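Participant: Residues 9 to 471 in the numbering used here are what the sequence shown lists, from first letter to last.
Yeah, the Cβ is synthetic: ideal placement off N, Cα and C, and Gly gets one too.
Since we're looking at a predicted model, the values are computed, not measured.
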Amino acid sequence: MKAIVRPALALITLLLATSASGAQTPPASPFQDGSRVVAVGDSITNAGLYQGYVYLYHLTRFPERQIDIFNAGISGDTAQGASDRYGWDIEPLDGNAASVMFGMNDVSGSDLYPADGQGADIEAKRLQRVDAYEANMRALVKRLMDDGIDPILLTPSPYDDTSTMEAANQPGRNAVLAECGRRVEAIAAENGLVVVDFNTPMTELNQRLQQDDPAFTLVGKDRVHPGESGHLVMAYLYLKGLNAPADVARVSLDARTGAVADEYRCAVSNVKRSADSLSFDYLAEGIPFPVSDGARPALDWIPFTDELNREMLTITDLPKGSYRLSIDGKAITTLTAAELGAGVNLTAYPDTPQNQQAKQVQSLYNAKYRSPIAKLRAIAFVEHACCRGMPHPLTLQQVEPKLENWVASARGKPYQGYFRKCADEYKLNKPQQLSLMEQAEQALPAIRAAAQPRQHQISVTRI
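#1: In angstroms with no decimal places, state the Cα-to-Cα distance between Thr33 and Val202.
#2: Taking all protein chains shown into account, do 16 or more other C-beta atoms lie within 10 angstroms of the C-beta of Asp314, making it buried, or fewer, making it exposed?
#3: Near Ala356, what residues of its chain come up, given a Cβ to Cβ distance below 8 Å and the 5 sequence neighbours on each side ignored?
#4: Output the distance between the C-alpha atoms of Asp41 and Gln74, rounded to the nearest integer angstrom.
#5: Would Asn214 and Thr172 qualify as a contact pair, given that the criterion is a beta-carbon distance under 8 Å?
#6: Just tell me which of Leu326, Phe427, Asn251, Asp359 has its CA closest to the CA of Ala341.
#7: Quick check on DSSP: helix, strand or coil for Glu408?
#8: Excluding the 5 residues flanking Phe78 on each side, which residues of the same chain have their C-beta closer than 6 Å to its C-beta?
#9: Could you tell me which uninterrupted beta strand (DSSP E) segments, each at least 3 residues in length, are contained entirely in the region 51–121, listed from first to last along the chain?
#10: Using 8 Å as the Cβ pair cut-off and three pairs as the minimum, do the region 182–190 and the region 125–141 touch?
#11: Compare the Cα-Cα distances from Ala106 to each of Trp414, Thr163, Thr211, Pro159 and report the closest residue.
#12: Is Pro209 buried or exposed, if buried means 16 or more other CB atoms sit within 10 Å of its CB?
#13: Where does the unbroken alpha helix (DSSP H) through Cys394 begin, and where does it stop?
#14: Ordered along the chain, which non-local residues of its own chain (more than five positions away) have a Cβ less than 6 Å from that of Pro298?
#15: Any chance the region 252–259 sits against the region 269–278, with 3 or more Cβ pairs inside 8 Å?
#16: Please classify Met398 as buried or exposed, where buried requires at least 16 other C-beta atoms within 10 Å of its C-beta.
#17: Output needed for Leu67: all residues of its chain with C-beta closer than 6 Å, excluding positions within five of it in sequence on either side, in chain order.
#18: Return the bridge partner residues of Tyr434 from the DSSP annotation.
#19: Classify Leu442 as buried or exposed, calling it buried when 16 or more other Cβ atoms lie within 10 Å of its own Cβ.
#20: Does DSSP put Met145 in a helix, in a strand, or in coil?
#21: List the endpoints of the continuous alpha helix (DSSP H) containing Gln370.
#22: Short of 8 Å in beta carbon distance, which residues of its chain neighbour Gly103, apart from the five on each side in sequence? Order them along the chain.
#23: May I have the straight-line CA-CA distance separating Asp220 from Val204, to the nearest angstrom?
#24: Nearest by alpha-carbon distance to Gly302: which of Ala36, Tyr61, Asp50 is it?
#25: Just to check, is the beta-carbon of Gln368 closer than 7 Å to a non-hydrogen atom of the ligand ADP?
#26: Going by the beta-carbon positions, is the gap between Tyr290 and Val468 smaller than 8 Å?
#27: Under 8 Å, with one C-beta from each stretch per pair, do the region 261–272 and the region 415–434 reach the 3-pair mark?
#28: Determine which residues share a DSSP beta bridge with Gly249 and list them.
#29: What's the call for Thr344, buried or exposed, on a 16-neighbour Cβ count within 10 Å?
#30: For Asp129, count the other beta carbons within 10 Å of its own beta carbon; 16 or more makes it buried, fewer makes it exposed. Which is it?
#31: Would you list, in sequence order, the uninterrupted alpha helix (DSSP H) runs of no fewer than 4 residues that lie entirely inside the region 152–240?
#32: Terminal residues of the continuous beta strand (DSSP E) containing Ile340?
#33: Taking the beta strand (DSSP E) that Phe288 falls in, what are its first and last residues?
#34: Could you tell me if Ala28 is buried or exposed, where buried requires 16 or more neighbouring beta carbons within 10 angstroms of its beta carbon?
#35: Is the beta carbon of Gly49 closer than 8 Å to that of Gly84?
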């Protein structure tokens, strides 16, 4: 199934649209019950954010589905590196689908991007790296498909070489990543695969925002790694690429008759009305997506709420006036009859019980699942970095003698401190590896239970 996706992005009052390309084929769909999705990538995937947001969307929108999304990102990795670790790090996750994003490290190197853009055979060297990237991506995709795993290809997120911020720059690097993206689209087209374009819409959005603030970056202060808001943009594009539905639930009632005009993904019962009020019991099939404080700036850049996070309440034929909206007896906001008649999105009100429940799910996910997974990925990073070619599983006794040489290899480089930290944490966490795996596995039933929708009483009362 092929779908090259370049969704629209909103810039507060401006809508940026990039049209979809490619042949018309059956569309992609959200992950179904039984989906086991392996997120394969580099440090951007290893951060656990964009695919974590996609996971949280599915946990809250479809809590009845058994869906797993596994982090198989490794810092500094490439498409070739993923093939090297495939047998011990990807295959054991027993996935039936896999998202794949590489490129940032495949085409890295300061020698390829001199400040003046000049140099002997620069373009030829860049093209050589892109060709190697394409060959390695093809090999990785083939291996996944041969194993019965459906790849979802993601074009590389951008390198920000247009921001005027002070961070060291590599001019032209994002153009090379864009070419990597075109190669990914070609691979997807040839194999009938879903591909989601991160690079094009994120680059366009970044440059539009830089028109107001040239030092702005959607990508990150190091020009490579997005923060939470950048990852939410990526999750938005990913979910739009899956044709994820906008509505958590939708209900419409006629205040004059008490009739339910529309109930989508919810059940309405016990409708009561009087001259000045209307109340009913409401049970949705999902709960809203919880947007973290760190990701919230992205809501000003993309139509995430309107296109992916709507819990719509409409009450028509109310007498003119103002009404107090309450849920479970708690006052949420005051609205006019006209506003209620036009429809209001309950996700816009953080104090609704539904939003508070979603925040609890998010907290559980971060503390009980994402935290042990991060430690497990750090273990995998060290073993991938300093023990290539060694048969797995590895013991601490096998790896520890190699750690100091690995740290020493970074002496004088910007990441020396990071290697030291990773080596020290490895020695602490490796003995706990099985326990960490159990913690993550045992957390998911509790997270899914916390995401189960609850019945609420919704009322509007004239004031």
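Facilitator: Reading from the atomic positions:
#1: Against the sequence shown, residue 33 aligns to sequence position 25. Against the sequence shown, residue 202 aligns to sequence position 194. Bear in mind that the predicted position of Thr33 carries a pLDDT of just 37, short of 50, making it unreliable; the figure below should be weighed with that in mind. Cα to Cα, Thr33 sits roughly 10 Å from Val202.
#2: Locating residue 314 in the sequence shown gives position 306, where the first residue counts as 1. By the neighbour-count rule (16 or more Cβ atoms within 10 Å), Asp314 is not buried but exposed.
#3: Here the question's residue 356 lines up with position 348 in the sequence shown. The residues are Thr313.
#4: For this step, residue 41 is matched to residue 33 along the sequence shown. For this step, residue 74 is matched to residue 66 along the sequence shown. Computed Cα separation, rounded: 5 Å.
#5: Residue numbering aside, residue 214 sits at position 206 when the sequence shown is read from its first letter. Residue numbering aside, residue 172 sits at position 164 when the sequence shown is read from its first letter. Cβ atoms of Asn214 and Thr172: not closer than 8 Å.
#6: Position 333 of the sequence shown holds residue 341. Residue identity check: residue 341 is Thr in the sequence provided, not Ala. Taking only the C-alpha atoms, the option nearest Thr341 is Asp359.
#7: Your numbering for residue 408 matches position 400 in the sequence shown. Note: Glu408 maps to helix in three-state DSSP.
#8: Counted from its first residue, the sequence shown places residue 78 at position 70. Val46, Leu101.
#9: 76–81, 105–109
#10: yes
#11: Start at 1 with the first residue of the sequence shown, and residue 106 comes out as number 98. Per the Cα distances, Pro159.
#12: Position 201 of the sequence shown holds residue 209. Pro209 is buried by the Cβ-count criterion.
#13: Position 386 of the sequence shown, counting from 1, holds the residue named residue 394. Here the alpha helix (DSSP H) through Cys394 covers 379–394.
#14: Indexing the sequence shown from 1 puts residue 298 at position 290. Cβ within range, chain order: Ala366, Lys367, Gln370.
#15: yes
#16: Taking the sequence shown and counting its residues from 1, one reaches residue 398 at position 390. Exposed.
#17: What you label residue 67 is simply residue 59 of the sequence shown in a count that begins at 1. Answer for Leu67: Ala459, listed in chain order.
#18: Taking the sequence shown and counting its residues from 1, the one referred to as residue 434 is at position 426. DSSP lists no partner for Tyr434.
#19: Reading the sequence shown from its first residue, position 434 is the one you call residue 442. Label assigned to Leu442: exposed.
#20: Counted from its first residue, the sequence shown places residue 145 at position 137. Note: Met145 maps to helix in three-state DSSP.
#21: Position 362 of the sequence shown, counted from the first residue, corresponds to residue 370. Gln370 -> alpha helix (DSSP H) spans 361–372.
#22: For the purposes of this step, residue 103 is taken as residue 95 along the sequence shown, with counting starting at 1. So the qualifying residues of the chain are Arg44, Val45, Val46, Phe78, Ile157.
#23: Indexing the sequence shown from 1 puts residue 220 at position 212. Indexing the sequence shown from 1 puts residue 204 at position 196. Their backbone Cα atoms lie some 28 Å apart in a straight line.
#24: If you number the sequence shown from 1, residue 302 lands on position 294. For Gly302, the nearest C-alpha among the options comes from Tyr61.
#25: The ligand ADP is absent from the structure shown, which contains no ligands of any kind.
#26: For the purposes of this step, residue 290 is identified with residue 282 of the sequence shown, where counting begins at 1. For the purposes of this step, residue 468 is identified with residue 460 of the sequence shown, where counting begins at 1. It is not a contact, given that the beta carbons lie outside the stated cut-off.
#27: no
#28: Your numbering for residue 249 matches position 241 in the sequence shown. Its beta-bridge partners do not exist; DSSP assigns none.
#29: What you label residue 344 is simply residue 336 of the sequence shown in a count that begins at 1. By the 10 Å Cβ count, Thr344 comes out exposed.
#30: In the sequence shown, the residue the question calls residue 129 occupies position 121. Asp129 is exposed by the Cβ-count criterion.
#31: 181–199, 207–220
#32: Counting from one through the sequence shown, the residue named residue 340 turns up at place 332. That run of the beta strand (DSSP E) goes 338–344.
#33: Counted from its first residue, the sequence shown places residue 288 at position 280. Looking at the DSSP string, the run of the beta strand (DSSP E) that includes Phe288 is 285–292.
#34: Residue mapping note: residue 28 aligns to position 20 of the sequence shown, counting from 1. The predicted model places Ala28 with a pLDDT of 37, which falls under 50 and marks its position as unreliable, so this point remains unresolved.
#35: Walking along the sequence shown from the start, residue 84 turns up at place 76. Walking along the sequence shown from the start, residue 49 turns up at place 41. No, Cβ-Cβ distance for Gly84 and Gly49 is not below 8 Å.
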